[in-house]
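Line order of the protein sequences matches chains A and B. Following this note's numbering, the numbering of the first sequence begins with 1 at its first residue and continues without gaps. Following this note's numbering, the numbering of the second sequence begins with 1 at its first residue and continues without gaps. Backbone N, C-alpha and C define an ideal beta-carbon position, used for all residues, glycine too. As the structure is a computational prediction, the values presented were derived from the model and not from experiment.
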Amino acid sequence: MSATLLLRTPGDTIRLLDEELVALPCGAAFWPATRTLIVADLHFEKGSSFARRGALMPPFDTGATLARLAAIVAATGPTRVISLGDAFHDDHGPVRMADADRERLADLQAGREWIWIAGNHDAEARGDVGGTRVEEISIGALTFRHEPRRGAIGEIAGHLHPAARVRVAAGTVRRHCFAGDGRRLILPAYGAYAGGLDVASRAFAGLFEPNRLVVHLVGEGRVHRFPAPSIVGARVSPGGTARPRASRS
Amino acid sequence: MWGVSTPPPTPIDTDLPERFVAWFAARGWRPRPHQATMLDKARERRPTLLIAPTGAGKTLAGFLPSLVELADPAKRPRMAITGRGVRRKGIHTLYISPLKALAVDVARNLEQPIAEMGLEITVETRTGDTPAHKRQRQKYDPPDILMTTPEQVALLLSSAEAPDLFGSLKRVVFDELHSLVTSKRGDLLALDLARLRRLAPDLVAVGLSATVKDPNELAAWLVAQTPDAARAEADIVTAPAGAPPQVRILEPADPEGWRIPWAGHLAVHAMPAVLAAIETAKTAIIFVNTRAQAELVFQELWRINDKSLRIALRHGSLDVAQRRRVEAAMAAGGGPNGLDAVVATSTLDLGIDWGDVDLVIHVGAPKGASRLAQRIGRANHRLDEPSRALLVPANRFEVLECEAAIEANRAGAQDTPPIRSGALDVLAQHVLGCAVAAPFDDDDLYAEVISAFPYAKLTRAGFDRVVDFVATGGYALKAYERYAKIRRTGDGTWRVANPQVAQTWRLNVGTIVEMPMLKVRLVAKLSGPVARMGGRILGEMEEYFFETLSPGDTFLFGGEVLRFVGIRETEALVARAHGKDPRIPSYWGGKFPLSTHLAERVRGLLAEPAAWGALPAQVREWLELQRDFSRLPRPGELMIETFPRGGRWYMVAYAFEGRLAHQTLGMLLTRRMERMGLRPLGFVCNDYALGVWAATDLGAAFSKRRPSLDELFDEDMLGDDLEAWLDDSALLKRTFRNCAIIAGLVERRHPGKEKSGRQMTISTDLVWDVLRSHQPDHVLIEATRADAASGLLDIRRLADMLARVRLHLTHERLSRISPLAVPIMLEIGRESVPGSAEEAMLREAADELIAEATGR
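This is how it looks when you write it as structure tokens:
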């Protein structure tokens, strides 16, 4: 716990029903009451997934994502880690994973509970990557699943890769973000090659109560909390304005 | 088209075949000396570079030897028996033009003499527009002379038929070589030429070029280079220059005439005088610098065209049918079915001689001495008569630039850029193309590649890195052996791994990367949360421009102030905004910067009041006001003025290094000023100066040397600051995207394939971030940085300037704006596509500033 406290930065608390979670600058969430670390959309082996189809993207994405994951695991010391689905970019990802990366993952899993929630990219994932595979899981009042379900309460999900552009003094800034309204929380994509989708876009329509939406943008060493009125495009969103666009960060 | 109506002073003995002599004689023509020399060179099988002004019969000089050779039955390509039957034996002459329209025009014009002489020579074109069945047929039944573009050559070379097609190739003719070699297309073409030389040992390369600064470089480009040997060069034949052109600057006829604008690029004020000049000519070409200018100048001329002069518009984005109509009318000259004037953006569009053009009108800044000379040359049909040209500067700095250009022209000065060193992303594309054609041996291919002039200095290690990149991505982490695109096989050669690799390569060939564009749609004023759809489309703009905007930002487009609403699918939604100052200026895309040579001449002119006599009175008065109020920048120094205005503090640096270098300087300076606590708010630049505004008193800060100007402009900004800015700069990421596409890492966006969904693509921005942190020496990062240094950011030019002005920075602390600063201040809030509202706004804003500057 003390390790977690050292990591706290202003405005990093996310309330979900009666629970308190911490939004971490790397894009993971920590649930102190249960010492659970939560990450979404790792998209391991996305680079090699493209390579398989002829686009030889730099193969450093899995290593980069794992390095960030290892750092936050070391810093928070969780007893449980939950991956919210799409941990691998495709079902063959685990087979392609380099031995060094596989060992690194195993090291991270040692001594703690590790839960893989199935995503749409890795629903039929092959290969052994440790941990426990589930479709979804409930812990206390909270339910963890990949794709947010309309009407759900106390849900923590991924899948949508939320990002937001917010107004600042000298213009606007766009980053991956946590998006929540107190009843639902959607985590940013954690993977190095995972892009972002504007929370103002159609895909998010109906998921949040517009006036209670709060985003936490990932930043350097801290997260930045913004309420709905600061979000660019949120006002014109119900009809759907933004289209899926890859993030810059 | 041949334009050889004036017999040379002395008869030339050419050994021309009878039919040719008769054909010339029937027209009262005789080959010119350089045409005869080209024939001699061809007989001796010497590679040759012909430097000739327009109107010198350059095209005939290039083709005459091919026609003569093909007219001789003994030398015609014979039929050959191949596996598939009897067929002709390949192409005799390959003609490569930078523009498909030019290839088509030249082919059409070549058919006339061939028909009139009754020669049995086939001429065909092959461009992206050629139907697939014809392209297919050309592969097994090629014409004697094939006219095509660099991209088509790359595609033909990758086909299995390449050895048959090109094996008996005798001549390759590069038209407008001076313009081909300045881009990545030139790099690819140089590599393709090396390949052609290997396939056709008898090949002789011929280049046709306008006058350039360093013809020897071009001559070297044409021939194979050998490592560790002296530079090999083709022979150079120079056609005599015609009579010196008569060039003048358009001035108000009387001092009470129009006012020369302080800023702007449209020269609307001068259109009545331009129209009057058109009347004096049989046919005039009006050159402008941008497409937007072309549209506007054309529109304005039509508006005031009360004498019903026949004026046409021609630029690259117009459809082919209209371009053809304009060309046909131009060919008819000033005759009954002809034209009085055409407005055009590019000299390349006009690679052939048209009708009776006897006046070139140049609207806007010339930008370079050679560029102006090439444009003036378009009026030159009779070498013994001077070309007539009229320069129409759109603002006061452009007057200085025009004057400098005239001086340069008189002195015969040239400022064409040096040939680029070959780009690695282009080489990657070529290497894969070679594998697509046939398995290659890397030793052989390396030898071939370094025989190409732009790649002559490429090391073996550098080449191997590129091959490694093509094969498995070139990553330090060897993860992709099993997905290799090319593989080394048992016999040591590299082969394409599967047919998809070849297919993807063919779809992505070429070095021209289109910018992603968004349509600009006007929507009704927002009421409630939802933007209403269904407004009209105003035009297209770069997607990157909109990514810098946030909803509510205003900008100018099509002469209107618009408010950005949002992006929907492939459209940018905008609404009309009220208010005269758009918040966001946008840059004039595609405008290339003032050449260093002209910039020096402008600086010299400013510092030499004795030379101001040649300038219009209004410009002279402006400079005199500046001299009295502040002072004029001296050669060798960087003068900086500071002054307060409207609650802000301004700094103007008169660097004269062109817009691109100024843009980079602006980025770096404001970054540093931010850190120094000077609170910069924004910057603006044109070709001549950079303006920065801040929330603190810059003049006071510099006077107290907190910081000193030497600190502020220290070259070390090109170190860490540049690196830090570059790594995160949208410009560099855009450059990376281009390199990634050319090198084949990322596929082009093909029409209809855009909506592939987010899981199907990886943003090249994310790839850039991961790659630069894990393998900063990767070949694509190197290619990206090389592009940035020379192209978009003009870092090299900026570095030279910063080194030169060290300890020569001078500060003029003023109480108000100076006359010289007015033009740059008027750039604030300028737009990318101008219209009529802009002129009114400019005038209003200008009047305020001028009153302030002159104290009147």
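Per DSSP, what kind of secondary structure is residue i in: helix, strand or coil?
i	result
Arg222 of chain A	coil
Phe174 of chain B	strand
Val357 of chain B	strand
Trp23 of chain B	helix
Gly140 of chain A	coil
Cys434 of chain B	helix
Asp18 of chain A	coil
Trp302 of chain B	helix
Asp800 of chain B	helix
Gly682 of chain B	strand
Ile153 of chain A	coil
Leu625 of chain B	helix
Asp697 of chain B	coil
Pro11 of chain B	Since pLDDT at Pro11 of chain B reaches only 49, below the 50 mark, its modelled position is unreliable, and the value read off the structure follows with that caveat. Note: Pro11 of chain B maps to coil in three-state DSSP.
Glu18 of chain B	helix
Pro227 of chain A	strand
Arg378 of chain B	helix
Pro10 of chain A	coil
Met147 of chain B	strand
His176 of chain A	strand
Ala531 of chain B	Unreliable positioning characterises Ala531 of chain B in this predicted model, as indicated by a pLDDT of 47, which lies under 50. A coordinate reading is not provided.
Pro751 of chain B	Annotation note: pLDDT 49 at Pro751 of chain B (below 50); position unreliable, coordinate value reported separately. Note: Pro751 of chain B maps to coil in three-state DSSP.
With distance defined between alpha-carbon atoms, name the residue in the options nearest to residue i.
i	options	result
Ile82 of chain A	A:Ile137, A:Glu124 and A:Gly221	A:Ile137
Arg536 of chain B	B:Asp175, B:Asp415, B:Asp553 and B:Glu571	B:Glu571
Leu400 of chain B	B:Ala695, B:Glu18 and B:Ala607	B:Ala607
Val212 of chain B	B:Asp228, B:Glu176, B:Leu203 and B:Val204	B:Glu176
Leu56 of chain A	B:Thr48, B:Tyr480 and B:Arg195	B:Tyr480
Ala476 of chain B	A:Gly63, A:Ile14 and A:Val22	A:Gly63
Pro150 of chain B	B:Val501, B:Arg27, B:Val767 and B:Ser97	B:Ser97
Ala29 of chain A	A:Thr65, A:Ala67, A:Leu185 and A:Trp114	A:Leu185
Arg145 of chain A	A:Val232, A:Cys26, A:Arg126 and A:Asp86	A:Asp86
Glu637 of chain B	B:Val173, B:Arg627 and B:Phe656	B:Phe656
Leu372 of chain B	B:Phe397, B:Ala438, B:Val343 and B:Cys402	B:Cys402
Ile278 of chain B	B:Lys367, B:Gly264, B:Arg259 and B:Ser308	B:Ser308
Ala110 of chain A	A:Asn120, A:Gly93, A:Pro25 and A:Arg80	A:Arg80
Met517 of chain B	B:Val822, B:Ala497, B:Val496 and B:Glu540	B:Glu540
Gly191 of chain A	B:Val770, B:Pro823, B:Ala452 and B:Ala803	B:Val770
Ile14 of chain A	A:Ser230, A:Val232, A:Ile231 and A:Val215	A:Val215
Hey, quick one: how far does the beta strand (DSSP E) through residue i stretch, first residue to last?
i	result
Tyr95 of chain B	Thr93 to Ile96
Phe287 of chain B	Thr283 to Phe287
Val247 of chain B	Gln246 to Ile249
Asp235 of chain B	Asp235 to Thr238
How would you write the range of the alpha helix (DSSP H) that residue i sits in, first residue to last?
i	result
Thr504 of chain B	Pro499 to Leu507
Gln109 of chain A	Asp99 to Gln109
Thr65 of chain A	Asp61 to Thr76
Arg816 of chain B	From DSSP, Arg816 of chain B is part of no alpha helix (DSSP H); its letter is neither H nor E.
Ala115 of chain B	Lys100 to Glu116
Pro94 of chain A	Gly93 to Arg96
What does residue i touch in chain B if you count any residue whose Cβ is under 7 Å from its own?
i	result
Ser48 of chain A	Ala479
What does residue i touch in chain A if you count any residue whose Cβ is under 7 Å from its own?
i	result
Thr554 of chain B	What Thr554 of chain B touches in chain A: nothing, since even the nearest Cβ is about 13 Å away.
Applying a beta-carbon distance threshold of less than 8 Å, which residues of chain B neighbour residue i?
i	result
Met57 of chain A	Gly473, Leu745, Ile762 and Val767
Ala51 of chain A	Gly473, Ala479, Tyr480 and Tyr483
Applying a beta-carbon distance threshold of less than 8 Å, which residues of chain A neighbour residue i?
i	result
His774 of chain B	Pro58, Phe60, Gly63 and Ala64
Leu771 of chain B	Pro58 and Phe60
What does residue i touch in chain A if you count any residue whose Cβ is under 9 Å from its own?
i	result
Lys485 of chain B	Gly54 and Leu56
Can you name the residues of chain B whose CB is closer than 9 Å to the CB of residue i?
i	result
Tyr265 of chain A	What is shown of chain A runs 1 to 249, which leaves residue 265 of chain A out entirely.
Taking only beta-carbon positions, decide if residue i is within less than 8 Å of chain E.
i	result
Asp61 of chain A	Checking the listed chains, one finds no chain E in this structure; the protein chains it contains are A and B.
Using a beta-carbon distance cut-off of less than 9 Å, what residues from the region 95-106 of chain A approach chain B? Arg96 and Ala98
Chain A contacts from the region 489-503 of chain B (Cβ-Cβ distance under 7 Å): Gln500 and Val501
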